[in-house]
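Asks: Okay, handing you the structure first.
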Amino acid sequence: MPLFNSSSNGDTEAASERIPILREGRLSSLSIPAAKKKTKRSFYRFLELFTGGIYAPDASTWDPIEILLNTEDEEERDTLTQRWTENRLKELSFVGVVAALLAGVLTSTGSWPSVLPPDTPKPWSVRTSWYCGIILSLFSILSAADQTIRLHRMSSHRDANRKIRRLLSKWDKRGIASSHERHLKPNTLQIYAWQLPVIFLTGATVCMIVGMFAHVWSAANVNDWKLWEGNQKMAVTFTIVGLTSIVIFFAGQVLLYSRSDEDDVE
Numbered sequence: 001m002p003l004f005n006s007s008s009n010g011d012t013e014a015a016s017e018r019i020p021i022l023r024e025g026r027l028s029s030l031s032i033p034a035a036k037k038k039t040k041r042s043f044y045r046f047l048e049l050f051t052g053g054i055y056a057p058d059a060s061t062w063d064p065i066e067i068l069l070n071t072e073d074e075e076e077r078d079t080l081t082q083r084w085t086e087n088r089l090k091e092l093s094f095v096g097v098v099a100a101l102l103a104g105v106l107t108s109t110g111s112w113p114s115v116l117p118p119d120t121p122k123p124w125s126v127r128t129s130w131y132c133g134i135i136l137s138l139f140s141i142l143s144a145a146d147q148t149i150r151l152h153r154m155s156s157h158r159d160a161n162r163k164i165r166r167l168l169s170k171w172d173k174r175g176i177a178s179s180h181e182r183h184l185k186p187n188t189l190q191i192y193a194w195q196l197p198v199i200f201l202t203g204a205t206v207c208m209i210v211g212m213f214a215h216v217w218s219a220a221n222v223n224d225w226k227l228w229e230g231n232q233k234m235a236v237t238f239t240i241v242g243l244t245s246i247v248i249f250f251a252g253q254v255l256l257y258s259r260s261d262e263d264d265v266e
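Take 1 as the starting number for the sequence shown in the UniProt record's numbering and just add one per residue.
So this is what it looks like as structure tokens:
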């Protein structure tokens with residue numbers, strides 16, 4: 001006598017499908033009802049789109065490391081490791097220069113022409129935003145310099161490529177469960193650590209923008225809005241330009257989004 005009803009088992013299998021979920025920058029699968037597939041997929045796509053690239057590793061950050069860790073040919077593996085190291089050094093150099101320029105701009109905010117009436121102090125929110133931006137930009141410079149020095153020192157070692165791969169990787173069991181195949185994957189904490197200069201730089205930029213909005217609107221709210229004077233006009237114009245720039249920036253993020261492997265076009 002069979003232990004399970006075959007028709008019932010078939011109905012159960014038909015009622016559920018496998019849907020990808022986001023986990024550590026990659027896609028894994030979880031069996032859920034088919035009716036929720038589209039909604040779940042769209043939600044995780046949205047999270048992956050707007051948290052990837054800068055603050056979290058997306059496909060453009062994750063995939064090159066995973067490929068160089070698991071390439072079978074040792075010579076090609078070393079070549080990919082050297083290429084990753086060179087590109088990372090160039091990126092750190094660029095981020096360090098931009099962070100230094102941003103720190104210079106933020107430190108000069110004290111000498112900007114005041115839009116407030118005479119003897120009116122700047123609101124605390126303006127000063128706080130700009131000082132936070134200064135400290136974040138300084139830590140962006142510091143972390144970029146620290147990682148640059150570390151990479152140069154590791155690259156001078158005889159087994160530099162192997163040490164770099166060991167630093168970036170950890171063991172993982174993937175694929176068919178019965179085969180227990182051992183597979184190297186990027187270490188998530190290491191990936192976020194290498195993103196720190198960009199994260200600090202982005203935070204400093206956000207602080208500066210927030211401070212500028214607070215500075216402009218603090219001057220606009222001093223006088224009665226019924227008068228519609230220069231400060232009110234400046235605040236409205238600045239807000240329109242700022243919001244338009246933000247929308248265009250995020251539109252560019254959508255267009256430059258690096259899709260995961262399952263959507264790659266050959």
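Cβ coordinates follow ideal geometry from the N, Cα and C atoms, glycine included. No experiment lies behind these values; they were computed from the predicted model shown.
In the segment 55-102, which residue ranges form an unbroken beta strand (DSSP E) of at least 3 residues, counting only runs that do not cross its ends?
Replies: Qualifying beta strand (DSSP E) stretches: none in this window.
Asks: Evaluate the contact criterion for the segment 102-116 versus the segment 67-86: three or more CB pairs, one atom per stretch, below 8 Å.
Replies: Contact between the segment 102-116 and the segment 67-86 is absent, because fewer than three Cβ pairs lie under 8 Å.
Asks: Report the CB separation of G133 from G242 in whole angstroms; it is logged as a contact under 8 Å.
Replies: Working through the sequence shown from its first residue, we reach residue 133 at position 133. Working through the sequence shown from its first residue, we reach residue 242 at position 242. Actually they are not in contact, since the Cβ atoms of G133 and G242 sit about 16 Å apart, beyond 8 Å.
Asks: How close, in whole Å, do the beta carbons of residue 267 and V95 come, if the pair is a contact with beta carbons under 8 Å?
Replies: Residue 267 lies beyond the residue range present for the chain, which begins at 1 and ends at 266; the question has no answer from this structure.
Asks: Taking the alpha carbon of residue 313 as the reference point, which residue from W217, D78 and A214 has its own alpha carbon closest?
Replies: Residue 313 is absent from the structure shown; the chain starts at 1 and stops at 266.
Asks: Excluding the 5 residues preceding and the 5 following A177 in the sequence, name in chain order all residues of the same chain whose CB lies nearer than 6 Å to its CB.
Replies: Taking the sequence shown and counting its residues from 1, one reaches residue 177 at position 177. Unreliable placement is indicated for A177, whose pLDDT of 45 sits below 50; the coordinate value is still reported in the next sentence. Cβ neighbours of A177 beyond the five flanking positions: none.
Asks: Return yes when the Cβ of A160 is within less than 8 Å of the Cβ of A99, no when it is not.
Replies: Indexing the sequence shown from 1 puts residue 99 at position 99. Indexing the sequence shown from 1 puts residue 160 at position 160. Contact: no.
Asks: Would you mind working out which of T85, M208, K90 and S169 sits nearest R127, comparing C-alpha positions?
Replies: Within the sequence shown, residue 127 is the residue found at index 127, counting from 1. Looking at the Cα atoms, M208 is the closest of the given residues.
Asks: Quick one, which of A235, T81 and T239 has its alpha-carbon nearest L116's?
Replies: The sequence position of residue 116 within the sequence shown is 116, counting from 1. Per the Cα distances, A235.
Asks: State the Cα-Cα distance for the pair A220 and V206, rounded to the nearest angstrom.
Replies: The residue given as residue 220 occupies position 220 in the sequence shown. The residue given as residue 206 occupies position 206 in the sequence shown. Distance between the alpha carbons of A220 and V206: 21 Å.
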